[in-house]
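The block underneath contains the structure these notes are about, expressed in structure tokens.
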């Protein structure tokens with residue numbers, strides 16, 4: 013049996029005016045996992 017992620021991002025996009033800074037980000041974060049997004 014596969015454990016469900018603690019946090020799930022699916023197809024996230026972010027824009028600042030005409031500038032797209034994220035386009036289609038999908039990410040699962042498991043219990044106890046540490047994740048950093050730098051950019």
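Numbering (my numbering), first residue to last: 13 to 51. Don't be surprised by glycine CBs; every beta carbon is placed ideally from N, CA and C. It should be emphasised that the depicted structure is a prediction, and the values quoted were computed from it without experimental measurement.
The residue from 19, 50, 18, 26 with its alpha-carbon nearest to that of residue 35 is 26. In this structure, the straight-line span from the alpha carbon of residue 14 to that of residue 42 is close to 11 Å. Non-local C-beta neighbours of residue 47 in its own chain, meaning closer than 6 Å and more than five positions away in sequence, comprise 41, ordered along the chain. Between residue 37 and residue 24, the C-beta spacing is below 8 Å.
Of the candidates 50, 29, 39, 33, the residue whose Cα lies closest to the Cα of residue 21 is 39.
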